[in-house]
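Numbering (my numbering), first residue to last: 1 to 93. See structure below.
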């Protein structure tokens, strides 16, 4: 029982992730935080975490629908270049 109900928190987290995805490359850093949040929700709530997870998807879909035309027109890699490339050697250091 937190200040913000779990369904609203997940809705805002999904919407916020896709909102930042449209405007800034820092969305790549936010994905692990969202994944950890969902992981801990599933770990603590089990099957009851499905409904809050659907709220996350709804929030992402609400904002993501504005991102789809960009992907259709330019592709998913447009404007990113080498800035968002995974570098496995960073994990070793």
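We treat Cβ as the ideally placed atom computed from N, Cα and C, and that holds for glycine.
Contact between the region 10–20 and the region 34–54 is established, with three or more Cβ pairs separated by less than 8 Å. By the Cβ neighbour-count rule, residue 35 is exposed, with fewer than 16 other Cβ atoms within 10 Å of its own.
Residue 15 is positioned such that its CB atom lies closer than 9 Å to that of residue 59.
Apart from sequence neighbours up to five positions away, no residue of its chain approaches residue 43 with a beta-carbon distance below 7 Å. The Cβ-Cβ distance between residue 41 and residue 18 does not fall below 9 Å.
For residue 87, no alpha helix (DSSP H) run applies, since DSSP gives it neither H nor E. In this chain, the alpha helix (DSSP H) harbouring residue 43 covers 27–45.
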